[in-house]
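Each remark here refers to the structure printed beneath this line.
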Amino acid sequence: MVVDVKTRETSEVETEQLATGCEAIAEAIRLADVDVMAAYPIRPYDGVMQAAAKLIANGKMDVEYIVADGEHSQFEIVKHACAVGSRVFVGSSGVGWFYAFEAIAVTAGLRLPVVAICGNRALDDPGAFGTEHNDSLAVRDLGWLLPWAETAQEALDLALMAWRVGEDRRVSLPVAIGLDGAFLTHSQHIVKIPTQAAVQRFLPKFDLGDRLLHPDNPITIAPQVDQDWLMEIRRQNDHAMRQALGVIREAHADFKTIFGRGGDSPFLDEFMTEDAEVVVIGQGTLSLPMKVAIRRLRKEGHKVGLVRLKWFRPFPTEEVVRSLGRFKAIGVVDRDYSFGSPFYGGVLYNEIRSALYSQASRPAIVGFIAGLGGREIEQPMATEIFEKTEAAARTGLPAGDVCHWIGVRE
Amino acid sequence: MAIDTALPQIKGVKDVPYEELFVSGHRTCQGCESALVMRHMVKASGPRTIVLGSTGCMYVANTTYYTTPWVVPWMHTQLGASGSAALGTAAGLKVLMRKGKLKNEKINVIAFCGDGGGADMGLGAISATLTHKEYDCLVLLYDNESYANTDIQLSSMTPYGAVTTFSPSGEKKRLMHTRWKKNVPGMLAAGHPESRYIAAGCAAYAVDLMNKIRRALELGGPTFVHTLDPCPKGWDYHPQYSQELGHLAVECGIWPLYEVVDGVCNLTGPTRQIAEGRKKRKPVIEYLRRQGRFAHFVDEDVEHFQAEVDKMWTDWLIPGVIPFTVPAKDQALLKIDRKPLHEQTKSA
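Protein chains in written order, with my numbering: chain A, 108 to 517; chain H, 128 to 475.
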């Protein structure tokens with residue numbers, strides 16, 4: 108439930124409300140004047156569909172709200188609504204996200220800027236409700252932009268960014284915003300809600316141009332191309348993903364000008380890194396227990412900090428290399444797994460290692476798999492992560508396995 | 128110039144629009160009835176139409192890059208997504224017109240699927256679409272009774288006993304496939320009372336089919352048309368006999384032609400003549416013996432096939448449409464006369 112704690116005009120741009128991550132996204136849907144959205148129940152993402160349904164029922168927004176018969180239909184419905192020029196929203200979690208996988212794959216291939224949230228949830232079996240990032244990460248190679256939010260505020264802000272960047276003709280790719288299940292989807296924060304007028308200044312009208320499917324523009328979309336043309340079309344997707352980095356920078360700069368938020372870098376959020384020797388990097392709400400640990404460890408004299416990655420796709424290689432190259436050791440915390448991968452590390456671990464490989468001076472990189480299935484990352488676990496990373500900074504990496512499972516009963 | 132988007136019923140072959148909206152450029156087989164269904168479909172709907180095509184013959188063989196046969200806007204959709212494609216497109220157009228983001232006009236939305244995409248994988252999505260009565264869209268299922276694009280594999284629409292690459296006839300097993308074909312239009316009509324139009328047609332009866340397409344689009348809301356399409360490659364016969372096999376499927380009573388309009392079932396074409404006793408139903412052997420896929424049938428297979436088809440006409444509540452009835456002691460509960468149409472008293 109959105110509770111109005113105060114409706115104070117701090118500027119022309121905002122009011123403040125207490126809202127969960129899901130409710131903040133629902134506000135973004137209203138502000139973006141979304142045309143079509145499709146819902147199907149699965150926890151935890153569907154909080155956004157419940158919040159949006161209330162806004163519609165109360166006359167706060169005008170959206171075609173379609174309750175689908177499954178996630179595959181959900182994603183197909185918005186894909187096709189998008190092709191005729193609608194601004195769309197959709198989402199899912201865990202195995203529901205996988206049920207939609209075919210539709211998810213073709214949406215990127217079609218270059219249709221569908222905006223989704225993935226309320227990150229462990230995949231069955233066995234059943235678990237809590238956060239794991241493997242659902243979002245499964246689409247990492249397909250051409251979806253993948254930002255991750257830390258707070259309800261950032262969820263709203265990233266959603267507005269998502270339509271702006273995804274719909275930009277230089278990009279024209281779908282966006283899936285990662286929201287840690289329960290930790291973010293269902294926890295309340297004070298959220299600054301921008302005014303419609305301010306959002307209109309930031310977010311232009313959606314225009315597919317000559318790719319609009321309409322009798323006045325009788326094109327054939329996605330015919331059979333086979334080996335004759337598929338590589339050229341894949342190459343265009345690759346080009347769009349490269350363009351996206353610059354478009355995100357532009358959008359971030361405009362966002363800061365209009366709303367006064369967003370931090371220094373569109374891609375990285377750094378915490379106490381100025382004089383840090385050892386940092387931890389991760390995504391989403393991981394930063395909360397890590398910030399607590401950093402404050403505590405700094406009082407004990409440890410020079411530790413945090414780098415939070417905001418966009419996993421496109422991977423901001425340049426920014427990551429520039430930032431991480433200056434530390435002695437890095438701990439990469441994955442809230443995911445990649446069984447059988449190099450060094451048995453998580454997905455982010457191997458991406459970070461790959462990004463830093465060509466650098467002349469490479470910090471030691473230690474992998475950690477933690478907090479799976481929504482397990483809380485408690486302070487002793489955070490301490491252990493920093494201790495192991497500091498040890499790597501002192502003595503270099505031990506031979507053999509450099510990835511650790513944290514807080515697991517062996 | 129104002130575009131006339133009205134779709135009046137076609138009175139005869141001479142009244143069919145001259146304009147072709149599905150032209151050359153496709154690579155479908157000789158004698159492909161499904162390609163003919165595509166042609167009739169857009170001829171009937173006219174140029175203010177968006178077509179969504181799910182994966183199958185009519186995608187892969189029909190829509191090669193740079194040689195599209197579609198004059199109307201066309202978009203691919205996934206094998207099981209014809210229902211969702213129709214729904215999403217119709218919803219998008221509706222909201223954009225309501226919000227003034229798109230000119231308000233009538234645009235027909237048609238999504239098609241094959242029997243694999245419609246009767247197997249995509250049945251759930253089609254069912255869901257037929258309940259969304261606020262969106263105007265037509266789902267057309269072109270049924271060539273196998274996964275004909277991928278190599279003639281068995282689908283739930285393959286007739287009893289037919290040979291496919293998943294159901295060959297061998298030394299140990301004469302019949303690999305012993306399931307009776309699903310009754311898709313009947314199932315959809317019975318299960319979706321708010322869909323205003325559900326019909327079964329055949330390209331061999333072209334005007335009847337085009338009128339069914341038009342009536343579906345004119346009545347609006349989510350509608351469904353199912354066509355039976357003889358397939359030379361999958362059914363194993365010479366391409367010149369496609370129309371003839373379409374006629375035989377109807378005349379043998381295997382594929383009844385009908386439409387359910389706002390809950391009222393009308394038998395059409397020869398099916399009506401058979402039901403009224405004006406035309407004699409042909410034995411199924413006339414249909415079966417024309418096709419290589421039934422070449423392995425022995426007498427008992429033909430007898431079983433005939434018996435099942437006979438049941439459609441003698442035992443079903445509505446011949447070829449509703450496959451159940453009530454026990455004799457409860458016949459009085461029925462609101463319709465159970466006697467065949469030609470035996471019913473002609474009152475009023």
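Each residue gets a CB set at the ideal place from its N, CA and C atoms; glycine is no exception. All values derive from a computational prediction rather than experimental measurement.
Quick one: is residue i near chain H, going by C-beta distance under 8 Å?
| i | result |
| --- | --- |
| N344 (chain A) | no |
| N324 (chain A) | yes |
| T327 (chain A) | yes |
| D248 (chain A) | no |
| V143 (chain A) | yes |
| S180 (chain A) | yes |
| V515 (chain A) | no |
| K186 (chain A) | yes |
| V110 (chain A) | With a pLDDT of 45 at V110 (chain A), under the threshold of 50, the modelled position of that residue is not reliable, and no figure is offered here. |
| E209 (chain A) | yes |
| T117 (chain A) | Note that T117 (chain A) scores a pLDDT of 45, beneath 50, so its modelled location is shaky and nothing firm can be said. |
| A190 (chain A) | yes |
| K113 (chain A) | Below a pLDDT of 50, predicted positions are generally treated as unreliable, and K113 (chain A), at 46, falls in that range; no measurement from the model is reported. |
| P330 (chain A) | yes |
Is the shortest distance between the beta-carbon of residue i and the beta-carbons of chain A less than 8 Å?
| i | result |
| --- | --- |
| G251 (chain H) | yes |
| I177 (chain H) | yes |
| K260 (chain H) | no |
| L344 (chain H) | no |
| P320 (chain H) | no |
| T350 (chain H) | no |
| Q205 (chain H) | yes |
| G219 (chain H) | yes |
| T216 (chain H) | yes |
| A133 (chain H) | no |
| A402 (chain H) | no |
Using a Cβ-Cβ cut-off of 7 Å (strictly less than) and excluding sequence neighbours within five positions of residue i, which residues of its own chain qualify?
| i | result |
| --- | --- |
| F309 (chain A) | L267, R271, D361, F362, I365 |
| K462 (chain H) | none |
| T292 (chain H) | D278, I279, Q280 |
| P449 (chain A) | N457 |
| H321 (chain A) | V191 |
| L415 (chain H) | F421, F424, V429, F432 |
Near residue i, what residues of its chain come up, given a Cβ to Cβ distance below 6 Å and the 5 sequence neighbours on each side ignored?
| i | result |
| --- | --- |
| V178 (chain H) | V199, W201, I237 |
| H240 (chain A) | N227, R442, D443 |
| C530 (chain A) | In the structure as shown, chain A begins at 108 and stops at 517. Residue 530 (chain A) is therefore absent and cannot be evaluated. |
| K409 (chain H) | E378, C379 |
| C510 (chain A) | F450, Y451, G452, G474 |
Between residue i and the rest of its own chain, which residues show a CB-CB distance below 8 Å, the 5 nearest in sequence each way excluded?
| i | result |
| --- | --- |
| A160 (chain A) | A146, Y172 |
| L217 (chain A) | K186, A190, I328, A329 |
| Y152 (chain A) | C129, G198, S199, S200, G203, I224, C225, G226, R228, L286, G288, T292 |
| P148 (chain A) | M156 |
Any heavy atom of the ligand ATP closer than 7 Å to the beta-carbon of residue i?
| i | result |
| --- | --- |
| S461 (chain A) | Ligands are entirely absent from the displayed structure, and the ligand ATP is therefore not among its contents. |
Beta strand (DSSP E) segments (min. 3 residues) lying fully within the stretch 182-238 of chain A: 195-199, 222-227
What runs of the beta strand (DSSP E), each 3 residues or longer, lie entirely inside the stretch 366-411 of chain A? 375-378, 385-389
Under 8 Å, with one C-beta from each stretch per pair, do the stretch 228-235 of chain H and the stretch 291-301 of chain H reach the 3-pair mark? no
Residue ranges of each beta strand (DSSP E) run of no fewer than 3 residues wholly in the stretch 304-350 of chain H, ordered along the chain? 324-328
Can you give, in chain order, each stretch of the alpha helix (DSSP H) that sits fully within the stretch 171-218 of chain H and has at least 4 residues? 184-187
With a cut-off of 8 Å, do at least 3 Cβ pairs link the stretch 392-402 of chain H to the stretch 177-188 of chain H? no
Got a sec: which bits of the stretch 353-367 of chain H sit with their beta carbon under 8 Å from any beta carbon on chain A, in order along the chain? none
Taking any Cβ of chain H, which residues in the stretch 147-177 of chain A have a Cβ under 8 Å from it, in chain order? D169, V170, E171, I173, A175, D176, G177
Examine the Cβ distances between the stretch 340-358 of chain H and the stretch 309-326 of chain H and report whether three or more of them are shorter than 8 Å. yes
Do the stretch 120-129 of chain A and the stretch 286-298 of chain A meet, that is, are 3 or more Cβ pairs less than 8 Å apart? yes
Are the stretch 249-261 of chain A and the stretch 389-401 of chain A in contact at 8 Å, needing three or more beta carbon pairs? yes
Please determine if the stretch 463-472 of chain A and the stretch 405-421 of chain A are in contact, where contact requires at least 3 C-beta pairs separated by less than 8 Å. no
Along the stretch 232-251 of chain H, what residues have a CB closer than 8 Å to any CB found in chain A? I234, G251
Quick check: the stretch 338-353 of chain A against the stretch 401-410 of chain A, are there 3 or more CB pairs under 8 Å? no
Please specify which runs of the alpha helix (DSSP H), each continuous and at least 4 residues long, are wholly inside the stretch 418-488 of chain A, giving them in chain order. 424-431, 454-463
What are the residues of the stretch 272-283 of chain H that lie near chain A, defined by any Cβ-Cβ distance shorter than 8 Å? none
What residues in the stretch 436-461 of chain H bring their beta carbon closer than 8 Å to a beta carbon of chain A? none
Identify each residue in the stretch 334-364 of chain A for which the Cβ-Cβ distance to at least one residue of chain H is less than 8 Å, and report them in chain order. D335, W336
Taking only beta carbons into account, state which residues of the stretch 188-203 of chain H come closer than 7 Å to chain A, listed in chain order. T190, T191, Y192, T195, W197, V198, V199, P200, W201, M202, H203
Got a sec: which bits of the stretch 414-436 of chain H sit with their beta carbon under 8 Å from any beta carbon on chain A, in order along the chain? none
I want to know whether the stretch 210-218 of chain H touches the stretch 152-171 of chain H - three or more CB-CB distances under 8 Å. no
Evaluate contact between the stretch 250-263 of chain H and the stretch 305-323 of chain H, counting only Cβ atoms and requiring at least three cross-stretch pairs below 8 Å. yes
Could you say if the stretch 333-345 of chain H and the stretch 134-149 of chain H meet the contact criterion of at least three C-beta pairs nearer than 8 Å? yes
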